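J.: Going letter by letter, the sequence shown gives residues 776 to 893 in the numbering used here. Built from N, CA and C at the ideal position, the CB exists for glycine as well. Nothing here was measured: the structure is a model prediction, and the numbers come from that model.
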Amino acid sequence: MEPEYVYKILVQSLPDPLPRIIPYLNDLDAHDGYVHLSTAQQVPSTTSRFFKDYNMVYILKISYPAIKTQVKWENTGNHGSFPHIYGDFVADSIVDQKSFTNNGKDWQHVLENEKWIE
776 MEPEYVYKIL VQSLPDPLPR IIPYLNDLDA HDGYVHLSTA QQVPSTTSRF
826 FKDYNMVYIL KISYPAIKTQ VKWENTGNHG SFPHIYGDFV ADSIVDQKSF
876 TNNGKDWQHV LENEKWIE
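Okay, here's the thing in structure tokens:
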């Protein structure tokens, strides 16, 4: 079953005004040549693994149907298959964005029951 949403985790908010075509939002995406995304189930563990040194993150909720023709699901080993956008990332596909703080707790604990991440 396809997800309704996929998520992009960032350490800074989106640029304002938001361009129609969104450039790579971090060095990792630019280096790898695609936009790293996560499913709702992957967001807590992805945030814990890659953003543990940050007290605040911004998460973009992206309509999967709006981008699915650009998404390639790739197996990353022990962590399952992750969605990656190859090609243009269009701003219209972003449904919402929200910031989260961890208050010194592990991101897994902070995000695992977050209802906004559906």
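Do three or more CB pairs link the segment 823-831 to the segment 861-868 at distances below 8 Å?
T.: Cβ pair count under 8 Å is below three, so no.
J.: Taking 8 Å as the cut-off, decide whether the C-beta atoms of Asp881 and Ser788 are in contact.
T.: The sequence position of residue 881 within the sequence shown is 106, counting from 1. The sequence position of residue 788 within the sequence shown is 13, counting from 1. No, the pair does not count as a contact, with Cβ atoms beyond the cut-off.
J.: For Ile797 versus Phe826, is the C-beta spacing smaller than 8 Å?
T.: Taking the sequence shown and counting its residues from 1, one reaches residue 797 at position 22. Taking the sequence shown and counting its residues from 1, one reaches residue 826 at position 51. Cβ distance not < 8 Å, so Ile797 and Phe826 don't count as in contact.
J.: Expressed to the nearest angstrom, what Euclidean distance is found between the alpha-carbon atoms of Pro778 and Thr814?
T.: Reading the sequence shown from its first residue, position 3 is the one you call residue 778. Reading the sequence shown from its first residue, position 39 is the one you call residue 814. Going from the Cα of Pro778 to the Cα of Thr814 covers about 7 Å.
J.: What number of angstroms, rounded off, separates the C-alpha of Tyr782 from the C-alpha of Gly879?
T.: By one-based count along the sequence shown, residue 782 stands at place 7. By one-based count along the sequence shown, residue 879 stands at place 104. Cα to Cα, the separation comes out at about 23 Å.
J.: CB-CB under 8 Å to Val865, same chain, minus the five flanking residues each way: which ones, in chain order?
T.: If you number the sequence shown from 1, residue 865 lands on position 90. Only Arg795, Ile796, Ile797, Ala841, Ile842 meet the Cβ criterion.
J.: Quick one: grab the DSSP three-state call for Ile842.
T.: The count along the sequence shown starts at 1 and reaches residue 842 at position 67. Note: Ile842 maps to helix in three-state DSSP.
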